[in-house]
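Numbering (our numbering), first residue to last: 41 to 566.
All C-beta atoms, glycine included, are put in the ideal place defined by N, C-alpha and C.
For reference, the structure is listed below as structure tokens.
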């Protein structure tokens, strides 16, 4: 066993009810108790009425100098925040991961769900041009172009863009390559933002979102200005600045030092430490994070099913959850999307079984094998969890060598390189997760899982309008992943974010990747 250095962390008690905004106080403008300034100054309370003006500063983990403003290349949470500021989708996911109309106001299928008609609301781009059906078709054509290898492509592939057409400027007729039982979920796909027809240069991007572009320095900062003609109402703040910092310590220090009003993705230890600090409010995003490890099933040693099953058996999920996630966590069962629609909750929950793990390791001929685990300190809990996994694997007769790599290139590097890596995902419907990560054509297939029969099941689930048949297909897919897949899911947790006491109006119950997450157009500075 070759773990990277880690500090001890004990199981965490529940954070106090007062410390969370789950009751919606900030969103409704209710007074937040304890929101006082430091240094003995008079406390400032969040006023009931929103206030306009000021610059709201937010800090996220970033992607370094490779960051771009192309919304179709959105991947990290910082990308989501910038894209949400500048652009819109046709449909978004709500707090329950159900569809919420955005640029689209209605969508209806023909009798066999092979053609869908979508209607657009009146909206304008930042340069004054109206958002038209032609812009939507151009955006989707760009996403679907295989030369671009864009993440939303796997979700949108059901659309036959060559046969789709603009009925008029605010009506689109989407032809489908096969029957599509749920187009709204397709339109809400991660990264499926609408850009103006002909847009190719994103150095000074134009969108239809609540803020207009001002400045961007990759890996450092992004500045945008209030868009007064936004269809959903102009933002309260005059300016939005999104900063990036490589680790949680830098983010929490920026918040404590008054350099930002919002710090994304805090660890449970920081949340516990600062929950009673007058300089901080803790915002909880429920069901926001899936934690696990990705085993690449197309190469040694994890092309051996017995070794993958040994990994499933040797993991002590309870230890990982209590140590890394604390009171915000629950154990996983090697499947994405716990407590969401179509989740295969009837599959037997896995537990630590060292005897089985040792037998499977011997059967695989892998006893005393050394396996490199790639991880990064840029994501909360990754190094801690990697070291715990190394300890647990050592008890079963495997040596895991933890390699801590540079954060800004981590997700690009581990997509294709190596054999084992730390993995994390925000919330999304199970069907979106499967489309973007588990199909032969998926651009974010971190486990390199490619099975024609699995792809066929997904097509069956996608094209049927029979809800029971769709559920059965998704259950079959998850049963296959649970038995043979390469994603070891050990836990789920809420997202934790730090807010300055004078920041109000943030959505209180929005999981990551949903409409209310990383959006600042409804927030204000009191």
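According to DSSP, which residues form a beta bridge with residue i?
{"i": "residue 220", "result": "Answer is none; residue 220 lacks a bridge partner."}
{"i": "residue 537", "result": "323"}
{"i": "residue 418", "result": "Answer by DSSP bridge pairing: none, since residue 418 is not bridged."}
{"i": "residue 133", "result": "139"}
{"i": "residue 279", "result": "95 and 265"}
{"i": "residue 159", "result": "146 and 211"}
{"i": "residue 348", "result": "Bridge partners of residue 348: none, in fact."}
{"i": "residue 257", "result": "261"}
{"i": "residue 504", "result": "In DSSP, residue 504 forms no bridge with anything."}
{"i": "residue 531", "result": "331 and 371"}
{"i": "residue 170", "result": "164"}
Distance check for residue j and residue i, CA to CA, integer angstroms please.
{"i": "residue 90", "j": "residue 268", "result": "16 Å"}
{"i": "residue 252", "j": "residue 243", "result": "13 Å"}
{"i": "residue 467", "j": "residue 534", "result": "10 Å"}
{"i": "residue 453", "j": "residue 102", "result": "15 Å"}
{"i": "residue 587", "j": "residue 315", "result": "The chain is shown from 41 up to 566; residue 587 falls before or after that span and cannot be answered."}
{"i": "residue 519", "j": "residue 387", "result": "7 Å"}
{"i": "residue 248", "j": "residue 394", "result": "55 Å"}
{"i": "residue 284", "j": "residue 99", "result": "5 Å"}
{"i": "residue 239", "j": "residue 528", "result": "40 Å"}
{"i": "residue 111", "j": "residue 119", "result": "8 Å"}
{"i": "residue 126", "j": "residue 250", "result": "6 Å"}
{"i": "residue 58", "j": "residue 276", "result": "Caution is warranted here: a pLDDT of 33 is assigned to residue 58, below 50, making its placement in the model unreliable, and the coordinate value is therefore given only provisionally. Near 26 Å, if we compare the C-alpha coordinates of residue 276 and residue 58."}
{"i": "residue 326", "j": "residue 557", "result": "11 Å"}
{"i": "residue 514", "j": "residue 471", "result": "8 Å"}
{"i": "residue 500", "j": "residue 121", "result": "34 Å"}
{"i": "residue 318", "j": "residue 197", "result": "49 Å"}
{"i": "residue 201", "j": "residue 264", "result": "32 Å"}
{"i": "residue 150", "j": "residue 232", "result": "23 Å"}
Would residue i and residue j be called neighbours here (beta carbons separated by less than 7 Å)?
{"i": "residue 280", "j": "residue 532", "result": "no"}
{"i": "residue 137", "j": "residue 380", "result": "yes"}
{"i": "residue 145", "j": "residue 159", "result": "yes"}
{"i": "residue 371", "j": "residue 357", "result": "yes"}
{"i": "residue 522", "j": "residue 374", "result": "yes"}
{"i": "residue 495", "j": "residue 479", "result": "yes"}
{"i": "residue 463", "j": "residue 333", "result": "yes"}
{"i": "residue 321", "j": "residue 536", "result": "no"}
{"i": "residue 234", "j": "residue 143", "result": "yes"}
{"i": "residue 414", "j": "residue 445", "result": "yes"}
{"i": "residue 245", "j": "residue 109", "result": "yes"}
{"i": "residue 214", "j": "residue 156", "result": "yes"}
{"i": "residue 173", "j": "residue 209", "result": "yes"}
{"i": "residue 178", "j": "residue 257", "result": "no"}
{"i": "residue 311", "j": "residue 354", "result": "no"}
{"i": "residue 344", "j": "residue 404", "result": "yes"}
{"i": "residue 96", "j": "residue 301", "result": "yes"}
{"i": "residue 512", "j": "residue 504", "result": "no"}
{"i": "residue 476", "j": "residue 191", "result": "yes"}
{"i": "residue 287", "j": "residue 418", "result": "yes"}
{"i": "residue 439", "j": "residue 410", "result": "yes"}
{"i": "residue 369", "j": "residue 259", "result": "no"}
Can you find the residues in the same chain that come closer than 6 Å, C-beta to C-beta, to residue i, ignoring five residues on each side of it along the sequence?
{"i": "residue 61", "result": "Because residue 61 carries a pLDDT of 38, less than 50, the predicted location of this residue cannot be relied on, and the following value inherits that uncertainty. Correct list, in chain order: 323 and 548."}
{"i": "residue 421", "result": "364"}
{"i": "residue 338", "result": "488"}
{"i": "residue 493", "result": "none"}
{"i": "residue 383", "result": "377"}
Tell me the DSSP secondary structure of residue i in three-state form.
{"i": "residue 440", "result": "strand"}
{"i": "residue 404", "result": "coil"}
{"i": "residue 454", "result": "helix"}
{"i": "residue 193", "result": "helix"}
{"i": "residue 29", "result": "Outside the modelled stretch of the chain, which goes from 41 to 566, sits residue 29, for which no answer is possible."}
{"i": "residue 182", "result": "helix"}
{"i": "residue 557", "result": "coil"}
{"i": "residue 126", "result": "helix"}
{"i": "residue 37", "result": "Only positions 41 to 566 of the chain appear in the structure, and residue 37 is not among them; the question remains open."}
{"i": "residue 606", "result": "Outside the displayed span of the chain (41 to 566) sits residue 606, for which this structure offers no information."}
{"i": "residue 544", "result": "strand"}
{"i": "residue 445", "result": "strand"}
{"i": "residue 63", "result": "Here residue 63 scores only 28 on pLDDT, less than 50, and its place in the model is too uncertain to base an answer on."}
{"i": "residue 463", "result": "strand"}
{"i": "residue 199", "result": "strand"}
Quick one: residues in its chain with C-beta nearer than 8 Å to the C-beta of residue i, no 5 flanking neighbours on either side, listed in chain order?
{"i": "residue 340", "result": "459"}
{"i": "residue 554", "result": "132, 133, 134, 135, 137 and 467"}
{"i": "residue 473", "result": "376, 377 and 465"}
{"i": "residue 335", "result": "342, 348, 351, 459, 460, 487, 526, 527 and 528"}
I'd like the list of long-range same chain contacts for residue i, defined as Cβ closer than 7 Å, with 5 residues on each side in sequence excluded.
{"i": "residue 21", "result": "Residue 21 falls outside the range modelled here, since the chain spans only 41 to 566, and no answer is possible."}
{"i": "residue 228", "result": "129, 131, 132, 133 and 139"}
{"i": "residue 165", "result": "171, 236, 246, 247 and 248"}
{"i": "residue 563", "result": "96, 276, 277, 543, 544, 545 and 546"}
{"i": "residue 432", "result": "354, 355 and 356"}
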